[in-house]
Each structure stands twice: as C-alpha cells, then as structure tokens.
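All residue numbers for the sequence shown refer to my numbering, where the first residue is 1350 and numbers rise by one.
Note that beta-carbon positions come from the ideal geometry of N, C-alpha and C, so glycine has one too.
Report on the following structure.
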Amino acid sequence: MPFLKYLVIFFVLIGVLLGVSTDVQSGRGLNAVSIQQEWRFGDRLAQGISRKVNIVTDPFSVAYINQLGQRIVQQTELRNLPWQFQIIRDNDINAFNIPGGHVYIYTGLVQETDTESELVGVMAHEIAHGVKRHATEALIRQYQLRTLGSILLGRNPPAYERLLAQIVGAGYLAKHSRDDEREADRLGAYYMYQAGFDPNGMVIFFQKILAEENRQPGRLARLFSSHPLTQERIRNVSYEISRFPPKPGLITDEPQFHTFKNNLLGRGATYGRWGIGPGPGRSRY
Ligand SMILES: [Zn+2]
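Written as structure tokens, this is what we have:
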C-alpha cells in the first residue's frame, strides 16, 4: 500500500529532522569535545583566572577544601580525573565552576555557611554542573568549537583575555538554564547523600540565601545571575531528598569545618553576618 509506505517515510523523515534539531539545540558540539580536551581547556582557563583573582594559598585551607570536594567527586563517574577546588578571597557570596573539574568558592560564601553540609551543598551543586558539562556546553554555544580551541590553545591571546575578563567580571562562566539548575540540585543532593552528608544542608543554605535576596534584592546578584534560585527549585530538591531511603549517621557538621572557617576568615573578622564591612570585592556592588 503506497500511501502507508509514504506515511512511514514521512514520519521517519520528521523523526530524523527533529532528532537533528534537538541535537543542535542541546549542543551537538559537546559530543565533539572529548573529556581530555575539555580538561585541557579548563586547565588553560584556570591558569588565566589564577592571575586575575586572589586565590587562597594557605595549605590548610587548600587541603581542607580539596578533601571535602574529593568526598563528593568520588560519588561521580568522573572520580578518576584531577578535580581542583580553589577558594577566591572575595566577599561576594558566590561560587562557580569552569570546564575541567575546576570549582571556585568565594570566601564570602564560606562566611555565610553555618555548617559543613551547607558548604558541601554548594560544592556538590557545582560538581554536578561539571559532571554534566554544563559550562562546556555554554562555551561551545558562545564560540564554535574550532574558535574555542584556537583561543584556549593560545592562538588568539586577545580573545583569551576577553574570555577571562568576562568570567572574572561576572563571577561565572555560564548562565545556567532552569533545567541545568534542577539537574545540578538533584544530582548534587544525591552525591551528598551517597558521600554520607545530610543533603538537607543544601536546602538550608538555599533557603537562607533566598531569604537574604528577598530582604535585600541585588545583594547576591552574581550568584543569582548564574544560578537562578527560586522557591520552586528549593521545593523540587526538598522533594527529591525526601525520596532518598533513610540512612543513619548522615553528617551535618564536623569540627574541622569550623577550624577551617576560623582559619580562613580570621577569628577576629569584623565582617557582619552578610559580609558587610571592608574587604576585597565589596566595591563591585
Ligand atoms: Zn547552578
């Protein structure tokens, strides 16, 4: 029956076309970047970022944040790659990730965390963005893969400097979509739970930050512009967490977190609860 045959061909064609278009939308270029290439790109960006921001080098802080990050990374499929967690001395409440397993946490954000699981919540969220290659996808959308390669392999220094200035100025590499955020929350909470941390730490921190944003709109502009935080997001992740099987002994807090925080921020820090006071980065507001 020819009609049926044409109908089948028609639907197959439609399917192919839809397939191609969703491929393009979801960043088909991403598949063209190997993890090794992505890690090289990320290292190249990280080198540039470290020239432009104030990275904390104190060995205790560096060791603490990296062991904490590793406990989450071990729950992911990219556990064998060399992730790196760095602290930027800046009073902004912010955190971001770039390709290649580089996660940046601002001292201003550490200041706002009251327990270790709150800090882990933010880190797990950033790690989930990294595992799902969200920032890499955004970079490929912004540049074509070939252009990106030439920028990051040193063949276009002015474009490289512009990209670095964009990241450092904005405090993020990519504005994430709602779906990316939901995925990073859900996965991040699950990694926390798997690593033995209480995933509610993530929810508690988000609630605190959202309340602060409602009190003083714009105060958290940088964090909110890259990771739009809404009541709906908090509800979604709380629901996901409620479905995890009960697990005794989940960690909310550990003494070393407070040693780290005191050491990093200085026992006599005069900054207020929300970072009000003198310090690098305040002038950006
Ligand atoms: Zn995010």
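How long is the line joining the alpha carbons of S1499 and K1557, rounded to whole angstroms? Their Cα atoms are separated by approximately 42 Å.
In terms of residue numbering, what span does the alpha helix (DSSP H) encompassing N1415 cover? For N1415, the enclosing alpha helix (DSSP H) has its first and last residue at P1408 to V1422.
Please report the residue range of the beta strand (DSSP E) in which N1313 lies. Summary: the structure shown does not reach residue 1313, with the chain confined to residues 1350 through 1634, and so no result is reported for it.
Neighbourhood of G1615 by C-beta, 6 Å cutoff - its chain only, sequence neighbours within 5 removed: Excluding the 5 residues flanking it on each side, G1615 has no same chain C-beta neighbour closer than 6 Å.
If we ignore side chains and look at the alpha-carbon of each, how far apart do S1526 and P1577 end up? Taking the straight line joining both Cα atoms gives about 8 Å.
Quick one: which unbroken alpha helix (DSSP H) runs of 4-plus residues sit fully inside the stretch 1491-1548? Chain order, please. As far as the stretch 1491-1548 is concerned, its whole alpha helix (DSSP H) runs of at least 4 residues are 1494-1501, 1506-1519 and 1527-1544.
For Q1565, which three-state DSSP category applies? Residue state for Q1565 is assigned as coil, using DSSP reduced to three classes.
Kindly confirm or deny that the stretch 1435-1446 and the stretch 1472-1485 touch, where touching means at least three C-beta pairs closer than 8 Å. Judged by Cβ distances under 8 Å, the stretch 1435-1446 makes contact with the stretch 1472-1485, as three or more pairs qualify.
Relative to ligand 1, is the shortest distance from any of its heavy atoms to the C-beta of E1530 smaller than 7 Å? Taken from the Cβ of E1530, at least one heavy atom of ligand 1 lies inside 7 Å.
Just list the residues that DSSP pairs Q1433 with in beta bridges. Paired residues: H1451.
Is the separation between the beta-carbon of D1534 and that of T1601 shorter than 8 Å? Not a contact, by the Cβ cut-off of 8 Å.
Could you check if H1576 belongs to the surroundings of ligand 1, using beta carbon to heavy atom distance under 7 Å? Remark: the shortest separation between the CB of H1576 and any heavy atom of ligand 1 falls under 7 Å.
State the start and end residues of the unbroken alpha helix (DSSP H) segment that holds I1583. That run of the alpha helix (DSSP H) goes Q1580 to S1591.
In three-state terms, what does DSSP make of I1442? Annotated three-state conformation of I1442 is coil, per DSSP.
Quick one: Cα of R1386 to Cα of L1494, how far? Rather than Arg, the amino acid found at residue 1386 in this sequence is Gln. Straight-line measurement puts the Cα of L1494 at about 11 Å from the Cα of Q1386.
From R1582, T1464, T1425 and S1466, pick the residue whose C-alpha is nearest to that of G1450; which is it? When only C-alpha atoms are compared, the closest one is T1425.
Proximity test, H1451 beta-carbon vs ligand 1 heavy atom, cut-off 7 Å: When distances are taken from the beta-carbon of H1451 to the heavy atoms of ligand 1, even the shortest one reaches 7 Å or more.
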